[in-house]
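*Asks:* Following this message is one structure expressed as structure tokens.
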Amino acid sequence: GMSVFGPLSGDVVRLILAHLRGRDVVQLGRVSRGCAELVQDDELWRSLVCARWNVSGRASDKMRQTRSTWRAVYENWDAVLRMPTSRFSGQRTAVFARTRADGMAMWVALKHTEDCRASKGGLQLRVVVQNLGPHQATVVTDSCTVILKPDRRLKSQLLSVNAKSLVCTPLLVEPRRHAVALGAAASHTGGASFLADSSKHALRLDTNGFCVLEVTFQMPRQRMLHPEALERLLSLTLTVTSEHSPAVNDQNGAHKKATMLCANFQEHTIWEHFERLPGDFWVFIERHHSI
Numbered sequence: 004g005m006s007v008f009g010p011l012s013g014d015v016v017r018l019i020l021a022h023l024r025g026r027d028v029v030q031l032g033r034v035s036r037g038c039a040e041l042v043q044d045d046e047l048w049r050s051l052v053c054a055r056w057n058v059s060g061r062a063s064d065k066m067r068q069t070r071s072t073w074r075a076v077y078e079n080w081d082a083v084l085r086m087p088t089s090r091f092s093g094q095r096t097a098v099f100a101r102t103r104a105d106g107m108a109m110w111v112a113l114k115h116t117e118d119c120r121a122s123k124g125g126l127q128l129r130v131v132v133q134n135l136g137p138h139q140a141t142v143v144t145d146s147c148t149v150i151l152k153p154d155r156r157l158k159s160q161l162l163s164v165n166a167k168s169l170v171c172t173p174l175l176v177e178p179r180r181h182a183v184a185l186g187a188a189a190s191h192t193g194g195a196s197f198l199a200d201s202s203k204h205a206l207r208l209d210t211n212g213f214c215v216l217e218v219t220f221q222m223p224r225q226r227m228l229h230p231e232a233l234e235r236l237l238s239l240t241l242t243v244t245s246e247h248s249p250a251v252n253d254q255n256g257a258h259k260k261a262t263m264l265c266a267n268f269q270e271h272t273i274w275e276h277f278e279r280l281p282g283d284f285w286v287f288i289e290r291h292h293s294i
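Set out below in structure tokens:
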């Protein structure tokens with residue numbers, strides 16, 4: 004049964020398989036009866052869950068008491084596109100937009116304030132981007148663009164906020180060995196759409212690697228409630244380059260492989276996370292979504 008891997012021991016083979024994606028492990032199980040038995044190892048799927056969603060060993064020990072098999076956990080979380088865990092993201096994070104394309108996934112959350120208002124019209128979003136593909140990917144941070152819906156109450160219509168008027172600051176890169184790629188990221192003032200070789204505007208992610216970006220920009224009106232501001236948002240786009248991306252032409256006509264991730268905001272998820280209290284006070288609710 005282990006002849007496919009030659010003289011390698013079972014422990015070594017499991018260590019190798021732990022670096023694969025879940026779909027790759029499933030395909031391996033179709034090679035032979037021995038491989039099929041090997042991929043049934045629940046500890047292997049536990050390693051895959053920890054790698055994909057950045058779950059610590061201690062957290063996985065606690066989960067073991069309440070979950071069925073680790074393969075079922077992996078398949079369920081993958082089906083609902085659950086975001087990876089970090090101090091800025093996780094199961095309790097309220098997600099208002101998400102997307103998955105060309106081996107990449109993106110989630111958009113809100114950095115909320117105590118009074119649930121966009122102070123001086125400023126809104127801060129938390130954007131999580133994860134590489135689910137087999138090749139290294141590069142997130143081009145200054146390609147971030149927020150598309151707004153029209154507002155009939157305003158004479159001048161600002162329908163797009165791009166790198167010239169927003170700040171996209173990297174907060175976290177996992178695994179941490181890639182944190183050097185953060186560079187001196189601060190206020191971005193525009194530039195070309197493809198800066199894959201510039202560490203100031205590019206974050207490189209291996210398979211299962213992810214980053215958290217803080218996107219700050221001004222809304223058209225002052226002192227907007229967060230749910231009102233979120234209702235004005237139509238979508239958020241971000242460019243990612245990798246071998247898995249389709250080929251496109253950049254501004255100079257050069258052939259590049261790039262994916263434009265586009266996450267549309269879902270209105271029905273907005274107000275369920277905000278509650279009005281007596282005295283016109285508002286509170287933000289991070290609801291626990293169990294799977």
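Residue numbers (this note's numbering): 4 to 294. Ideal placement from N, C-alpha and C gives every residue a C-beta, glycine not left out. The structure displayed is predicted, hence computed values, not measured ones.
Using 10 angstroms around the beta-carbon of Arg129, count the other beta-carbons present and answer buried if the total reaches 16, otherwise exposed.
*Replies:* The residue you call residue 129 lines up with position 126 of the sequence shown. That one is buried.
*Asks:* Any idea if Arg85 is buried or exposed, counting beta-carbon neighbours within 10 angstroms, 16 or more meaning buried?
*Replies:* Numbered from 1 along the sequence shown, position 82 holds the residue referred to as residue 85. The residue in question, Arg85, is buried, as its Cβ has 16 or more Cβ neighbours within 10 Å.
*Asks:* Starting from Trp274, follow the beta strand (DSSP E) in both directions and report where the run begins and ends.
*Replies:* Within the sequence shown, the letter at position 271 stands for residue 274. That residue, Trp274, is in no beta strand (DSSP E); it is neither H nor E in DSSP.
*Asks:* Measure from the alpha carbon of Pro249 to the alpha carbon of each residue in Gly32, Met263, Ala108, then state which is nearest.
*Replies:* Here the question's residue 249 lines up with position 246 in the sequence shown. Minimum Cα distance to Pro249 is reached at Met263.
*Asks:* Identify, in the order they occur along the chain, each residue of the same chain with its Cβ nearer than 6 Å to the Cβ of Ala140, setting aside the five sequence neighbours on each side.
*Replies:* The residue you call residue 140 lines up with position 137 of the sequence shown. The residues are Asn134, Leu208, Val243, Ser245.
*Asks:* To the nearest angstrom, how far is the alpha carbon of Leu51 from that of Val15?
*Replies:* Within the sequence shown, the letter at position 48 stands for residue 51. Within the sequence shown, the letter at position 12 stands for residue 15. Near 15 Å, if we compare the C-alpha coordinates of Val15 and Leu51.
*Asks:* Pick helix, strand or coil for Lys158, following the three-state DSSP scheme.
*Replies:* The count along the sequence shown starts at 1 and reaches residue 158 at position 155. Low confidence applies to Lys158: its pLDDT is 47, below 50, so where it sits in the model is not reliable, and the reading given next is rough at best. In the structure shown, Lys158 sits in coil (DSSP, three-state: anything other than H, G, I, E or B).
*Asks:* What do you reckon, is the C-beta of Val149 under 8 Å from a heavy atom of the ligand MG?
*Replies:* In terms of ligand content, the structure shown is empty, and the ligand MG therefore cannot be addressed.
*Asks:* What separation, rounded to the nearest whole angstrom, lies between the Cα atoms of Ala39 and Pro137?
*Replies:* Sequence index remark: in the sequence shown, residue 39 carries index 36 (1-based). Sequence index remark: in the sequence shown, residue 137 carries index 134 (1-based). When rounded, the distance between both Cα atoms is 22 Å.
*Asks:* Quick check: Phe99 and Ile288, are their CB atoms within less than 9 Å of each other?
*Replies:* Residue 99 sits at position 96 when you count from the first residue of the sequence shown. Residue 288 sits at position 285 when you count from the first residue of the sequence shown. In terms of Cβ geometry, Phe99 and Ile288 do not form a close pair [threshold 9 Å].
*Asks:* Taking the alpha-carbon of Phe268 as reference, which of Thr102, Ser63, Gln43 has the nearest alpha-carbon?
*Replies:* Position 265 of the sequence shown, counting from 1, holds the residue named residue 268. Selected option, being the one with the closest Cα: Thr102.
*Asks:* Return the CA-CA distance between Gly32 and Arg55, expressed in angstroms with no decimal places.
*Replies:* For the purposes of this step, residue 32 is identified with residue 29 of the sequence shown, where counting begins at 1. For the purposes of this step, residue 55 is identified with residue 52 of the sequence shown, where counting begins at 1. Roughly 19 Å separates the two Cα atoms.
*Asks:* Hey, out of Gly93, Asp81, Leu126, Lys123, whose CA is closest to Gly106's CA?
*Replies:* The residue given as residue 106 occupies position 103 in the sequence shown. Measuring from the Cα of Gly106, the nearest candidate turns out to be Asp81.
*Asks:* Should Ala261 be labelled buried (16 or more other beta-carbon atoms within 10 Å of its own) or exposed?
*Replies:* Looking up residue 261 in the sequence shown gives position 258. It is buried - the Cβ of Ala261 has at least 16 other Cβ atoms within 10 Å.
*Asks:* For Glu278, tell me which candidate among Arg36, Ser238, Pro230, His271 has the shortest Cα-Cα distance.
*Replies:* Residue numbering aside, residue 278 sits at position 275 when the sequence shown is read from its first letter. Among Arg36, Ser238, Pro230, His271, the Cα nearest to that of Glu278 is on Pro230.
*Asks:* Using only CA atoms, which one of Arg24, Ser35, Val28, Asp44 lies nearest to Gly13?
*Replies:* The residue you call residue 13 lines up with position 10 of the sequence shown. Comparing Cα-Cα distances from Gly13 to each of Arg24, Ser35, Val28, Asp44, the minimum goes to Asp44.
*Asks:* With distances taken between CB atoms, is the gap from Val83 to Met109 smaller than 9 Å?
*Replies:* Locating residue 83 in the sequence shown gives position 80, where the first residue counts as 1. Locating residue 109 in the sequence shown gives position 106, where the first residue counts as 1. In this structure, Met109 does not lie closer than 9 Å to Val83 by Cβ.
*Asks:* Does the distance from the C-beta atom of Arg61 to that of Leu41 stay below 9 Å?
*Replies:* The residue you call residue 61 lines up with position 58 of the sequence shown. The residue you call residue 41 lines up with position 38 of the sequence shown. For Arg61 and Leu41, no; Cβs fall outside 9 Å.
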